[in-house]
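Some notes on the structure that comes next.
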């Protein structure tokens, strides 16, 4: 949802061209027409170059929702939407880690196993050995970080493609998990424990959801406003105040609507709040820090990055460490949802769903393009299909076929947009 | 000699597997001087540039920076000395915008976050000194024309006030107007006291711009020329190898340095 907003923002970026064009032209009316034409040209260029951002993905999501609502009127009920918002968190967090790896143009196949390993580490430490929950939680997450770091370092040093290194990881970490779990099979978590609360706790007070929604919109407004003020002060192109207000307002409307729906069931789920905060934080890391810039640069061209004196080894290691960490965190949320850890944790289609979510959401398989918000959109689509299928009693087989079709479409769109990017660049 | 040259190479060798790409290369570049590096395809010009810029460090030989022996093992080392390079393939990240490319690896930070406003302001300022048609600073570099990309690559190399510029065929992909623009820039750099090593295939450019020319042939020095006194034919025959029987050192002495 929020990503949709941000892309509207991107589309309005060319707007600043208008005031500069105006001052240069003697006739005001003519200048305005020209500015509008210029803006239209930019939009056309973006459409042709495949830079539509997340608009197609949002449209797919809306279509999916409309179809299932038509098939079963309970699909868009507060109860179902609220459950959906919690169901997306576990896999969604893993998909966010995948986005980091995709930005390098690589793939991490070990995230499923790492998520299972982290859950097993937590369960064995806490339930079987009586280690306090907070400590077991930290150790479990760090286990994921460590696994990711080891893979990242081997990938960076040996230059074996990451998908091969992490394929080895997939088996290795799964083996570790099975040996930690031993013969005990399934371990049930404490129903009232910290980890169980991760997905079972709701802020039942209505004010919390509304407060968070309003606060988020307020922060977005303040940050854009501050940016505008600084740009204006040094005489650089900047957005209009009205544009900023409109964007923040639209974000506020959507966020408050979501809050309203959630409040009609059990309130704001803790899991959703943590998910969105993590995604927003990682988005800032990618777009606004030195580290994030290095990740994008590596995805744009390893050799160019190396010649710009970036430490390729360090960035690659760090990226796989992030994906390992996110996989561990996601694994804990998944375990929390079913309050148990078994030998099946982290197996099955979890890995494929996480990768599919990142790609469907719009992160490019070829590297250099994508954002954590893509993972949110993608997992929303996948989970909506899954939820809609189960609500309409459709067999799993059909669910797989449809999700596969959506994934295929996403990959084709990615490839086509990349090709038109290149053609555009050459022109 | 009163002041040592900005950069001096002595006996630099580079080998890729069994192929000896550079053998005993000698080269000197002084501040405020444009040295043209000439040679046929495969003569080792780009390899020499990459050896100086630290991308593929030299195996043997001595590199002196203002008379002091230095070791250039990675791009970072060259940058710290004040050597900036515009590579033949430009080495830009196509997915990053102009500002991102110019400041790649040297981002300005404010409270720990990237200061996009300041970087954009300085990039605009930098480009204004280089070209008349400033590209959209927030467009990904892949969407720019080859001339604009060239300008971005040059702008990036100028960040941080380098003392020595290595330009690897900066005009090869450019049209007439842009070529003139780039060549004017090279002139400006010389006037500002920068040392410039210019690789070019265009003898006209070399004649017009360079103070001296160093010719490589099959990975070895094949003559040094004072561009204002040597004839074009002399230089070309050195490039093509027609003068290979002439002792190299003689040409060196003739050039008078």
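Protein chains in written order, with this note's numbering: chain A, 1 to 427; chain B, 428 to 684.
All C-beta atoms in this analysis are idealised placements derived from N, C-alpha and C, irrespective of residue type, glycine included.
What is the DSSP secondary structure of residue i, reduced to helix, strand or coil?
i	result
residue 651/B	strand
residue 163/A	helix
residue 445/B	coil
residue 458/B	coil
residue 353/A	helix
residue 54/A	coil
residue 435/B	strand
residue 342/A	coil
residue 535/B	coil
residue 623/B	strand
residue 488/B	strand
residue 524/B	strand
residue 540/B	strand
residue 453/B	strand
residue 463/B	strand
residue 482/B	coil
residue 499/B	coil
residue 645/B	coil
residue 396/A	helix
residue 640/B	strand
residue 430/B	coil
residue 656/B	coil
residue 363/A	coil
residue 470/B	coil
residue 433/A	Here chain A covers residues 1 to 427 and nothing more, so residue 433/A does not appear.
residue 669/B	coil
residue 144/A	helix
residue 386/A	helix
When burial is assigned at 16 or more other CB atoms within 10 Å of the CB, is residue i buried or exposed?
i	result
residue 686/B	Residue 686/B cannot be examined here, being either before or after the span of chain B that is shown, 428 to 684.
residue 500/B	exposed
residue 631/B	exposed
residue 215/A	exposed
residue 114/A	buried
residue 368/B	Because chain B in this structure spans residues 428 to 684, residue 368/B falls outside the shown range and cannot be described.
residue 385/A	buried
residue 498/B	exposed
residue 226/A	exposed
residue 665/B	buried
residue 435/A	Since the first residue of chain A shown is 1 and the last is 427, residue 435/A is not available in this structure.
residue 59/A	exposed
residue 401/A	exposed
residue 294/A	buried
State yes or no: is the C-beta of residue i within less than 8 Å of the C-beta of residue j?
i	j	result
residue 103/A	residue 370/A	yes
residue 120/A	residue 332/A	no
residue 126/A	residue 206/A	no
residue 489/B	residue 521/B	no
residue 478/B	residue 529/B	no
residue 83/A	residue 74/A	no
residue 252/A	residue 304/A	no
residue 654/B	residue 597/B	no
residue 461/B	residue 636/B	yes
residue 583/B	residue 524/B	no
residue 622/B	residue 495/B	no
residue 509/B	residue 591/B	yes
residue 435/B	residue 455/B	yes
residue 346/A	residue 148/A	no
residue 199/A	residue 337/A	yes
With three or more beta-carbon pairs closer than 8 Å as the criterion, would you say the stretch 638 to 655 of chain B touches the stretch 557 to 566 of chain B? no
On the three-pair Cβ rule with 8 Å, is the stretch 353 to 364 of chain A touching the stretch 133 to 151 of chain A? no
Evaluate contact between the stretch 87 to 102 of chain A and the stretch 406 to 416 of chain A, counting only Cβ atoms and requiring at least three cross-stretch pairs below 8 Å. no
Take every Cβ of the stretch 370 to 378 of chain A, pair it with every Cβ of the stretch 273 to 293 of chain A, and state whether three or more of those distances are shorter than 8 Å. yes
Between the stretch 230 to 248 of chain A and the stretch 178 to 193 of chain A, can you find at least three pairs of beta-carbon atoms closer than 8 Å? no
Where are the beta strand (DSSP E) runs, 3 residues long or more, that stay fully inside the stretch 551 to 602 of chain B, in chain order? 591 to 595
Is the stretch 285 to 296 of chain A close to the stretch 530 to 538 of chain B, with three or more CB pairs under 8 Å? yes
Alpha helix (DSSP H) runs wholly inside the stretch 281 to 309 of chain A, at least 4 long, in chain order: Here the runs fully enclosed are 290 to 300 and 302 to 307.
For the stretch 345 to 354 of chain A against the stretch 101 to 116 of chain A, do three or more pairs of beta-carbon atoms, one drawn from each stretch, fall closer than 8 Å, so that the two count as touching? Judged by Cβ distances under 8 Å, the stretch 345 to 354 of chain A makes contact with the stretch 101 to 116 of chain A, as three or more pairs qualify.
Under 8 Å: do the stretch 441 to 453 of chain B and the stretch 621 to 630 of chain B share three or more Cβ pairs, one atom per stretch? no
Which ranges would you report for the alpha helix (DSSP H) in the stretch 162 to 208 of chain A if only whole runs of at least 4 residues count? 162 to 181 and 194 to 200
Under 8 Å: do the stretch 61 to 75 of chain A and the stretch 318 to 325 of chain A share three or more Cβ pairs, one atom per stretch? no
Assess contact between the stretch 646 to 665 of chain B and the stretch 456 to 476 of chain B, defined as three or more Cβ pairs (one per stretch) separated by less than 8 Å. Is contact present? Contact between the stretch 646 to 665 of chain B and the stretch 456 to 476 of chain B is present, because at least three Cβ pairs lie under 8 Å.
Answer yes if the stretch 308 to 321 of chain A comes into contact with the stretch 142 to 154 of chain A, meaning at least three C-beta pairs across the two stretches below 8 Å, and no otherwise. yes
Tell me the start and end of each unbroken alpha helix (DSSP H) in the stretch 208 to 282 of chain A that is at least 4 residues and wholly inside, in chain order. 241 to 263
With a floor of 4 residues, list each alpha helix (DSSP H) that falls wholly inside the stretch 48 to 134 of chain A, ordered by position along the chain. 55 to 71, 78 to 103 and 111 to 123
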